[in-house]
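Mapping to full-length UniProt numbering: the sequence shown position 466 is 466, numbers consecutive. First the structure, in the form of structure tokens, and then the observations on it.
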Amino acid sequence: MVFSFMGYVTQEITVGDKRTIDVSLKEDANVLGEVEVVAIAYGNQDKNLLTSAVSSISNKELIKSPVASVTNVLAGAMPGVSSVQTSGQPGKDAAAIYVRGSGSLNDSQSKPLILVDGVEREFSQIDPNEIESISILKDASSTAVFGVRGANGVVLVTTRRGKSGKPQINVSTSLGLQQPISLVEQTGSYEFARFWNIKQQLDGVADKKRYFTPEQVEAYRTGSDPIMYPSMDWKKYIFHDVYLQSKNNINISGGSEDVKYFISIGYLYQNGLLKDLPGQKYNNNYRYDRYNYRANIDAKLTKTTTMKLGIGGNLGKTQEPRSVVSDTGQDQNPWVIAQIWSHPFAGPGFIDGVRTLVPKDLVPLGEVLRDGMFVFYGKGYTQNYRTNLNLDLDITQKMDFLTKGLSVSVKGAYDNAFKLFKKRPGGDVESQTVYYKSYFDSNGNMPATDPDYDKSLIYLPSGSDTPLATPKSGDATRTGI
């Protein structure tokens with residue numbers, strides 16, 4: 001028979017013909033120390049004595065996950081807790097936490113109460129290396145002390161503190177790759193042209209100029225002229241498949257019986273998906289840099305007076321491309337726009353380092369012709385700076401002279417947040433329209449013929465009739481003038 005109990009060493013005993021068995025389990029100090037204490041509303045309690053609905057996750061489990069925001073670690077880690085992430089953009093990938101579902105149509109009224117070291121504050125940007133444990137209080141008995149504020153559950157975040165002993169230094173670094181998991185499959189130019197013509201027929205459009213010609217459809221199908229009749233997958237052309245993430249931390253802890261300390265410094269770097277596009281004199285890629293710091297000090301001021309001092313915070317910088325749609329004047333997500341609003345035949349991308357478009361009158365869409373870069377190329381970028389400073393001071397005075405176990409605590413907290421928003425204008429970037437030169441006058445006659453220039457590829461700057469370059473030179477023969 002095998003006998004086991006939480007916090008004790010498992011014993012295996014051979015029964016044989018014994019009618020009475022005496023079993024004595026020995027404590028497993030290592031296991032007991034790891035699982036016995038859980039943070040609850042009014043202190044700590046042995047986990048095996050809990051009768052309320054409380055889930056917890058320890059530091060060892062938190063630092064295993066490679067995610068940038070600690071809120072995403074909770075996804076699937078604890079029963080009854082939902083972690084909903086709506087964006088993967090660097091610096092904006094924190095998840096919303098819900099305990100036992102959402103209880104209101106108003107999202108703000110469905111969020112749980114979040115306490116970091118007993119003070120209500122945000123925890124999504126805390127370095128997981130700074131956290132000792134996270135406990136989720138889920139039922140009425142565990143959240144009763146918080147009253148109506150705990151109606152949607154309570155999240156208790158406890159940061160790490162020093163322990164008596166020699167200084168312990170921990171250094172960790174990790175590299176990761178991130179990639180999008182939800183992509184919109186774009187149709188190619190050939191399929192677009194075919195279904196556009198079918199749509200026009202069903203709509204009863206009689207104007208032939210509102211249709212793709214059979215020659216255009218065939219050119220899209222064969223890919224015989226990828227410059228004038230391209231079929232672009234703008235996602236692959238503009239964005240990388242994966243992007244880099246780096247997490248680094250160094251912390252030191254230790255102390256004596258009178259003074260204990262824990263000090264931590266961390267750095268997080270996330271790069272974005274946007275490729276380095278030619279023609280721009282700046283890097284407008286997505287990027288997120290975050291520096292975390294924390295210093296927790298526990299000191300005995302007298303035999304009966306203790307002090308806990310905590311200083312923590314972070315400095316973050318988020319960069320993203322400016323992406324203003326001219327007809328709305330509002331910022332748009334380039335990742336979404338490149339997949340939904342762009343046309344695969346709008347242009348071949350970059351030729352000789354210059355963004356190149358086909359003429360709008362080549363396709364039957366009128367003035368609405370967009371390549372995958374129209375929303376952000378040359379628009380510049382924005383940078384958001386944010387700093388957070390948290391200061392906690394807790395003084396506890398034992399009152400054993402009145403009643404054994406009685407104590408009085410005074411706790412104060414100070415939070416400071418600073419935000420700075422910078423916008424970098426894009427400036428002028430070179431662009432050109434590519435088309436086949438046709439020597440026709442306003443009456444449709446060809447007053448000039450040139451075998452070398454006939455259907456030669458010409459590059460024109462946007463809004464200009466002066467060609468930048470012609471691939472050949474030769475004599476022209478003019479007739480009919």
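Just so you know, even glycine gets a beta-carbon here, dropped at the ideal spot from N, CA and C.
Closest Cα partner of Leu62 within the set Val2, Gln89 and Ser124: Residue 62 sits at position 62 when you count from the first residue of the sequence shown. Minimum Cα distance to Leu62 is reached at Ser124.
Cβ pair Gly310, Asp117 closer than 9 Å: Working through the sequence shown from its first residue, we reach residue 310 at position 310. Working through the sequence shown from its first residue, we reach residue 117 at position 117. Yes.
Three-state class that DSSP yields for Leu74 in the structure shown: As a position in the sequence shown, residue 74 is number 74, starting the count at 1. DSSP places Leu74 in helix when its eight states are reduced to three.
Between the CA atoms of Ile297 and Ser253 - distance to the nearest angstrom: As a working mapping, residue 253 is identified with position 253 in the sequence shown. As a working mapping, residue 297 is identified with position 297 in the sequence shown. Rounded to the nearest angstrom, the two C-alpha atoms are 10 Å apart.
Residue environment, Phe212, which counts as buried when at least 16 other CB atoms sit within 10 Å: By one-based count along the sequence shown, residue 212 stands at place 212. Buried: at least 16 other Cβ atoms inside 10 Å.
Val2 classed as buried or exposed, judged by whether at least 16 other C-beta atoms fall within 10 angstroms: As a first step, residue 2 must be located in the sequence shown, where it is residue number 2. By the neighbour-count rule (16 or more Cβ atoms within 10 Å), Val2 is not buried but exposed.
C-beta atoms of Tyr229 and Val70 nearer than 9 Å: Working through the sequence shown from its first residue, we reach residue 229 at position 229. Working through the sequence shown from its first residue, we reach residue 70 at position 70. Not in contact: Tyr229 and Val70 (Cβ atoms no closer than 9 Å).
Assigned secondary structure, Ala299 (DSSP; H/G/I helix, E/B strand, else coil): To locate residue 299, count along the sequence shown from 1; it is residue 299. It is a strand residue.
Spatial neighbours of Gly165 in its chain, beta-carbon cut-off 8 Å, leaving aside the 5 residues before and after: Working through the sequence shown from its first residue, we reach residue 165 at position 165. Around Gly165: Gly254 and Gly255.
Element boundaries [beta strand (DSSP E), containing Glu132]: Reading the sequence shown from its first residue, position 132 is the one you call residue 132. Ile131 to Leu137 is the span of the beta strand (DSSP E), which, as asked, contains Glu132.
Under 9 Å between C-beta atoms of Ser431 and Arg322: Locating residue 431 in the sequence shown gives position 431, where the first residue counts as 1. Locating residue 322 in the sequence shown gives position 322, where the first residue counts as 1. The answer is no: Cβ separation not under 9 Å.
Length of the line joining the Cα atoms of Asn72 and Arg19: Start at 1 with the first residue of the sequence shown, and residue 72 comes out as number 72. Start at 1 with the first residue of the sequence shown, and residue 19 comes out as number 19. Using only the alpha carbons, I get a separation of about 53 Å.
Beta-carbon separation (whole angstroms), Ser172 vs Ser58, contact threshold 8 Å: Residue numbering aside, residue 172 sits at position 172 when the sequence shown is read from its first letter. Residue numbering aside, residue 58 sits at position 58 when the sequence shown is read from its first letter. Their Cβ separation, rounded to whole angstroms, is 16 Å, which puts Ser172 and Ser58 out of contact at 8 Å.
Closest residue to Tyr293 among Tyr261, Thr302 and Ile265 (Cα-Cα distance): In the sequence shown, the residue the question calls residue 293 occupies position 293. Residue Ile265 is the option with its Cα nearest to Tyr293.
C-beta contact flag for Tyr381 and Val429 at 9 Å: As a working mapping, residue 381 is identified with position 381 in the sequence shown. As a working mapping, residue 429 is identified with position 429 in the sequence shown. No, the pair does not count as a contact, with Cβ atoms beyond the cut-off.
Distance CB(Asn384)-CB(Ala417) smaller than 9 Å: Residue numbering aside, residue 384 sits at position 384 when the sequence shown is read from its first letter. Residue numbering aside, residue 417 sits at position 417 when the sequence shown is read from its first letter. Cβ distance not < 9 Å, so Asn384 and Ala417 don't count as in contact.
Helix, strand or coil at Thr222 according to DSSP, with G and I counted as helix: To locate residue 222, count along the sequence shown from 1; it is residue 222. In this structure, Thr222 counts as helix in the three-state DSSP scheme.
Exposed unless 16 or more other CB atoms sit within 10 angstroms - verdict on residue 559: The structure shown does not extend to residue 559, since the chain is modelled only from 1 through 481, so no value can be given for it.
Reference Gly372, options Val336, Ile395, Thr86 and Asp203, closest by Cα: The residue you call residue 372 lines up with position 372 of the sequence shown. Out of Val336, Ile395, Thr86 and Asp203, Val336 has the C-alpha closest to the C-alpha of Gly372.
Option in Val81, Glu130, Asp352 and Pro214 with minimal Cα separation from Ala53: Locating residue 53 in the sequence shown gives position 53, where the first residue counts as 1. For Ala53, the nearest C-alpha among the options comes from Val81.
Cβ distance (whole Å) where Gly312 is taken to contact Thr159 below 8 Å: As a first step, residue 312 is located in the sequence shown; it is residue number 312 there, counting from the start. As a first step, residue 159 is located in the sequence shown; it is residue number 159 there, counting from the start. Contact flag correct, Cβ pair sits at about 7 Å.
Alpha-carbon to alpha-carbon, Glu257 and Leu406: Start at 1 with the first residue of the sequence shown, and residue 406 comes out as number 406. Start at 1 with the first residue of the sequence shown, and residue 257 comes out as number 257. Spanning the two alpha carbons is a distance of roughly 22 Å.
Among Gly150, Gly162, Ser174 and Gly353, the one whose alpha carbon lies nearest that of Leu263: As a first step, residue 263 is located in the sequence shown; it is residue number 263 there, counting from the start. According to the sequence displayed, residue 263 carries Ile and not Leu. Considering only alpha carbons, the answer is Gly162.
The alpha helix (DSSP H) enclosing Ala193, as first and last residue numbers: Here residue 193 is taken as the residue at index 193 of the sequence shown, counted from 1. Unbroken alpha helix (DSSP H) run through Ala193: Ser189 to Leu202.
8 Å contact criterion, which Asp342 and Arg370 should meet: CB distance rounded: On the sequence shown, residue 342 is found 342 positions in, with the first residue counted as 1. On the sequence shown, residue 370 is found 370 positions in, with the first residue counted as 1. Note that residue 342 is Ser in the sequence shown, not Asp. Yes, they are in contact, since the Cβ atoms of Ser342 and Arg370 sit about 5 Å apart, within 8 Å.
When Val84, Pro364, Ser108 and Lys360 are compared against Phe192, the one with the closest alpha-carbon: Residue numbering aside, residue 192 sits at position 192 when the sequence shown is read from its first letter. Of the listed residues, the one whose Cα sits closest to Phe192 is Pro364.
Where Thr403 sits in the DSSP three-state scheme: Translated into positions along the sequence shown, residue 403 becomes position 403. Three-state result, Thr403: coil.
Three-state secondary structure (DSSP) of Lys379: Position 379 of the sequence shown holds residue 379. Here Lys379 sits in coil by DSSP.
Helix, strand or coil at Pro128 [DSSP, three-state]: Start at 1 with the first residue of the sequence shown, and residue 128 comes out as number 128. Three-state result, Pro128: helix.
Contacts around Val217, its chain only, beta-carbon distance under 6 Å, and the 5 residues preceding and following it disregarded: Start at 1 with the first residue of the sequence shown, and residue 217 comes out as number 217. Taken in chain order, the residues that qualify are Ala193.
Reduced DSSP category for Gly109 - H, G, I as helix; E, B as strand; rest coil: The residue labelled residue 109 in the question sits at position 109 within the sequence shown. Looking at the sequence provided, one finds Gln at residue 109 rather than Gly. The answer is helix: DSSP assigns Gln109 an H, G or I state.
Contact the stretch 270–285 vs the stretch 299–309: 3+ CB pairs below 8 Å: no
Where Gly316 sits in the DSSP three-state scheme: Sequence index remark: in the sequence shown, residue 316 carries index 316 (1-based). Of the three classes helix, strand and coil, the one that applies to Gly316 here is strand, per DSSP.
Option in Ile97, Tyr267, Pro90 and Gly88 with minimal Cα separation from Gly76: The residue you call residue 76 lines up with position 76 of the sequence shown. Nearest C-alpha to Gly76: Ile97.
Cβ separation of Lys379 and Gly316, assumed to be a contact under 8 Å, to the nearest whole Å: Position 379 of the sequence shown, counted from the start, is the residue given in the question as residue 379. Position 316 of the sequence shown, counted from the start, is the residue given in the question as residue 316. So it is not a contact: roughly 23 Å between Cβ atoms.
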